[in-house]
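FYI, in our numbering the residues of the sequence shown are 13 to 216.
Even for Gly, the Cβ is constructed at its ideal location relative to N, Cα and C.
Keep in mind the model is a prediction, meaning the values are calculated, not measured.
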Amino acid sequence: MRDRRSQFRGCPRNCKRRASAENHWDVPGKAATKAMTREPGDLPSETKESDRLAGFPGKEPDLERDSSFSADRADALSGHDDDLAGVTVIVCSYCRDETGSDAHPRAGALLAEDTRRAAADENIRIRTIECLGNCKRRLSAAILRDGCWSYVFGDLTASSGADLVAGAKLFATSTDGLIPWRGRPDSLKRGLVARIPPLDLLKD
Numbered sequence: 013m014r015d016r017r018s019q020f021r022g023c024p025r026n027c028k029r030r031a032s033a034e035n036h037w038d039v040p041g042k043a044a045t046k047a048m049t050r051e052p053g054d055l056p057s058e059t060k061e062s063d064r065l066a067g068f069p070g071k072e073p074d075l076e077r078d079s080s081f082s083a084d085r086a087d088a089l090s091g092h093d094d095d096l097a098g099v100t101v102i103v104c105s106y107c108r109d110e111t112g113s114d115a116h117p118r119a120g121a122l123l124a125e126d127t128r129r130a131a132a133d134e135n136i137r138i139r140t141i142e143c144l145g146n147c148k149r150r151l152s153a154a155i156l157r158d159g160c161w162s163y164v165f166g167d168l169t170a171s172s173g174a175d176l177v178a179g180a181k182l183f184a185t186s187t188d189g190l191i192p193w194r195g196r197p198d199s200l201k202r203g204l205v206a207r208i209p210p211l212d213l214l215k216d
């Protein structure tokens with residue numbers, strides 16, 4: 013039997029600690045190495061997604077199987093002036109800096125302030141929390157959108173606020189409930205810890 017671990021080669025997500033629902037894929041290893049606009053570990057559908065996505069100019073037809081919304085759902089998520097109002101950036105304000113210093117304000121609090129400054133002219137909610145449980149890859153933050161996937165990021169710095177806001181703006185205009193890979197700041201590519209599907213996607 014073929015080693016199922018080969019399916020995860022090239023994936024930067026939480027694969028070292030994986031016990032993921034993604035293990036139902038059975039695709040040749042080369043497919044995972046293609047340049048895509050989704051996460052590098054996402055696998056393109058074998059169906060002609062380009063026909064279904066013809067109404068979304070600039071959208072790449074390589075959405076992963078079982079993780080994107082239907083065209084009707086995508087329409088409901090796009091085309092509104094207040095899209096950013098549905099996006100929330102959560103920053104762990106208790107994260108220490110790389111030295112582990114307990115000095116206050118902590119590095120996480122500085123990141124939160126930097127994010128607020130970057131979002132000053134945007135309709136994005138910025139919230140802080142005491143811990144995101146990602147202490148080995150601090151500084152940590154998450155980006156959430158109503159009814160969409162949730163993202164957790166690590167390895168950030170106190171000056172990563174602009175990157176978080178850029179990611180939030182990409183998320184707000186997404187039509188499939190995912191943050192586009194193309195155009196995402198490098199810190200949100202390398203620093204991706206996990207993404208969590210919305211509950212609605214898991215309902216039978």
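- Two segments are said to touch when three or more pairs of C-beta atoms, one from each, lie closer than 8 Å; by this definition the region 159-166 touches the region 196-214.
- The C-alpha of T185 lies about 22 Å from the C-alpha of V205.
- Taking 8 Å as the cut-off, the Cβ atoms of A174 and V101 do not count as close.
- CA-CA distance, V103 to D109, rounds to 14 Å.
- R150 is not a Cβ neighbour of G98, given a cutoff of 8 Å.
- Your pair I155 and L176 checks out as a contact, with CB atoms roughly 7 Å apart and the cut at 8 Å.
- Rounded to whole angstroms, the gap between the alpha carbons of L122 and D114 is 13 Å.
- In the three-state scheme derived from DSSP, where H, G and I count as helix and E and B as strand, L204 is classed as strand.
- Excluding the 5 residues flanking it on each side, A119 has same chain C-beta neighbours closer than 7 Å at C107, R108, D109, L151, A170, in chain order.
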